[in-house]
Ligand SMILES: [Zn+2]
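Below, the structure written as structure tokens:
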């Protein structure tokens, strides 16, 4: 039996499938908790709304330097600053492994990507290569609309599906007008010279220095070129994967990957090395699995 959700915001606890009495009681308590969280706009576990340095404009957003190995690596993020405590104490952290056989089948809203063609501009922020979008690209999920703020890359993938990393993962970060409503779409990427690849012309010139911006004046691209054609997805509630690891993020992990040329992957590795946080505990979170597109 499927669940039917009009919006992913309704979350896994709103329209529960009746499975057994114990499940129903647990679901009822969980639904009350989730509704209370939404009423206050606060994440009780994290005690903070989903505001992240991605959305802050001022400089020096971080009070502690962090990275991906050694004394500033992911295992030690929470020790680097009190502001990073969720990295250790959070109960809904990302990324996670997605065991496809243990996900909950659901009828979920179709994703409609209304992205705009834009001039290519990317910055090396010291942690990833990031494209910041001007206003004008949107993701529609049911009747909710989210603006695309930026997209960036992780090598190798942060999420795993059935325990397997992809070569790379793209995160399309969206935000609604309502504070704290963040949707990140994750796309798995494999390097394969034997299959048709998505074209990433920019990365002949990946910005190599921190804060270096690569701008292609006359090259316009639509970010939806980097999306798979099949828009079915997994979804769960998690966090940003970089300090301060703010929770309250709706994750949409696309089931289908895209393919890039091996030389593009090699170029990324040379510039950004490895920038993936290890998978985090599920802590009994449910992962919903879209079974078939909803017919409007
Ligand atoms: Zn990311």
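Numbering (the numbering used here), first residue to last: 79 to 374.
Beta carbons are placed, not taken as given, at the ideal position from N, Cα and C, and that holds for glycine.
Only a predicted model underlies this, so the values are computations on that prediction, with no experimental measurement involved.
{"Query": "Can you tell me whether residue 149 is buried or exposed? The criterion is at least 16 other CB atoms within 10 Å of its CB, across all chains shown.", "Result": "exposed"}
{"Query": "Using 10 angstroms around the beta-carbon of residue 166, count the other beta-carbons present and answer buried if the total reaches 16, otherwise exposed.", "Result": "exposed"}
{"Query": "Using the Cα positions of residue 331 and residue 370, report the straight-line distance between them to the nearest angstrom.", "Result": "15 Å"}
{"Query": "Ligand 1: which residues have Cβ under 6 Å from any of its heavy atoms, chain order?", "Result": "230, 232, 249 and 319"}
{"Query": "Once you ignore the five residues that flank residue 315 on each side, which residues in its own chain have a CB closer than 6 Å to its CB?", "Result": "170"}
{"Query": "Excluding the 5 residues preceding and the 5 following residue 206 in the sequence, name in chain order all residues of the same chain whose CB lies nearer than 8 Å to its CB.", "Result": "230, 231, 232, 350 and 353"}
{"Query": "Across which residues does DSSP place residue 210 in a beta bridge pair?", "Result": "228"}
{"Query": "Residue 236 and residue 173 - do their beta-carbons sit closer together than 8 Å?", "Result": "yes"}
{"Query": "Would you mind stating whether residue 338 and residue 244 have Cβ atoms separated by less than 8 Å?", "Result": "no"}
{"Query": "Does DSSP classify residue 285 as helix, strand or coil?", "Result": "coil"}
{"Query": "Run through DSSP, which three-state label would residue 335 get?", "Result": "coil"}
{"Query": "If you drop the 5 nearest sequence neighbours on each side, which residues of the same chain put their C-beta closer than 7 Å to that of residue 123?", "Result": "Any reading at residue 123 needs caution, since the residue's pLDDT is 26, under 50, leaving its predicted position unreliable; the model's value is listed next. Counting only Cβ-Cβ distances below 7 Å, and skipping sequence neighbours, we find 168, 169, 170 and 325."}
{"Query": "Between the C-alpha atoms of residue 212 and residue 189, what's the straight-line distance to the nearest angstrom?", "Result": "21 Å"}
{"Query": "Report the CB separation of residue 197 from residue 298 in whole angstroms; it is logged as a contact under 8 Å.", "Result": "6 Å"}
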